[in-house]
Amino acid sequence: MFDRGVVLAGVQFSIIDLMKAGAQLEEKLRSFGVAHIELHDEVRKYHASVDLSDKGYVGEYFHRSINTLPPSMFQGITCRSDSGEVVATSAIRCDEIAGWDLDRYIREFWERAYRTEAGEPVVLADDAVSFAKGITGQIAYVGDTYVAERWRENNLAAYLVRLCLVIANTKWAPVYTYGWMARHHAFQKALFLRWGYPACYGGGLKWKSPPANKAYEDLCFLGCDPAGIVQLLQRPLDIGPLES
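Each residue of the sequence shown is one higher than the one before, starting from 3 at the first, in our numbering.
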């Protein structure tokens with residue numbers, strides 16, 4: 003790994019390059035008062051951390067009741083204060099979807115994992131995720147991101163998700179990384195760019211039978227290809243201008 007590194011969009015990065023970007027992001031998180039950053043290979047340990055947070059629950063992409071995620075497919079992260087309080091969490095999964103594309107994978111996952119108000123499986127429209135067609139291979143997903151309310155002033159979530167993107171490309175070097183964001187967050191101050199995603203598709207999911215959770219009805223799809231990771235590694239702390 004130290005000799006090989008990764009090649010992203012034709013640009014060679016050594017493992018040291020990846021570590022440097024991660025170290026800058028770690029230092030930024032610590033500057034906000036994060037005292038301990040824990041990495042979890044085991045989903046059970048990630049669940050235990052989330053249970054201690056004000057959020058208190060793990061989302062469908064990482065919940066043990068509907069997923070089997072060995073360490074080879076999973077990475078969780080917990081940020082704690084010096085008193086041990088869980089102040090932020092996020093998680094990554096990487097799936098080898100050869101034989102399908104990301105459009106098919108998203109359909110299969112959502113229609114199995116989510117339910118309508120009537121308790122029936124949700125159903126996506128035929129053109130629901132057409133922008134994900136043709137994307138295949140190792141695909142990473144970053145999600146379940148949570149920051150405690152009194153820690154949200156400094157864009158901690160943006161730096162945490164960027165750290166997740168670096169971790170994903172250190173551990174797996176996926177061909178594509180994606181996530182979801184509520185519409186009002188994606189369009190407010192272009193938060194998806196701050197989080198490290200160069201692509202955002204409004205109306206990321208279209209429904210025939212929508213989920214019971216109204217928050218999932220109008221999500222934006224966030225995407226990051228290797229060229230986007232190159233930009234992030236070269237400028238890991240560049241989340242754009244902040245409000246004065």
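No residue lacks a Cβ here, since even glycine has one placed at the ideal position from N, Cα and C. In this text, all values refer to a predicted model and were calculated from it rather than measured experimentally.
- Under the three-pair Cβ rule at 8 Å, the region 230-242 counts as touching the region 192-205.
- Taking 8 Å as the cut-off, the beta carbon of Val45 is found no closer than this to the beta carbon of Arg32.
- Here Asp97 is bridged, per DSSP, to Ile141.
- Assignment of Trp174 by DSSP, reduced to helix, strand and coil, places it in the coil class.
- Along the length of the region 105-160, whole beta strand (DSSP E) runs at least 3 residues long occupy 140-149, reported in chain order.
- When the Cα atoms are used, Pro213 and Ala50 turn out to be separated by approximately 27 Å.
- Inter-residue distance for Asn171 and Arg152 is about 30 Å (C-alpha atoms, whole angstroms).
- The distance from the Cβ of Leu162 to that of Ser92 is about 5 Å, consistent with a contact at the 8 Å cut-off.
- Shown here for Leu167: same chain residues with a beta carbon closer than 7 Å to its own, the five before and five after excluded, namely Val144, Thr179, Gly198, Cys226, Ile231 and Leu234 in chain order.
- Residues Glu62 and Ile68 of the same chain have their beta carbon placed closer than 7 Å to that of Ala115, with the five preceding and five following residues left out of the count.
- Looking at the backbone, the Cα of Asp97 and that of Tyr148 are separated by about 22 Å.
- If you look at Phe194, you'll find it isn't in any beta strand (DSSP E); it sits in the alpha helix (DSSP H) that goes Leu193 to Arg196.
- Val177 and Ser83 have their C-alpha atoms some 34 Å from each other.
- Note on geometry: alpha-carbon atoms of Ser74 and Gly58 lie some 25 Å from one another.
- Looking at His187, Val9, Ala175 and Ala229, the one whose alpha-carbon comes closest to that of Gly139 is Ala175.
- A straight-line Cα-Cα distance of about 25 Å links Thr70 and Arg164.
- With the rule of 3 Cβ pairs closer than 8 Å, the region 108-128 counts as touching the region 200-217.
- Here Tyr180 carries a strand assignment [DSSP, helix/strand/coil].
- When secondary structure is reduced to three states using DSSP, Val9 falls in the strand class.
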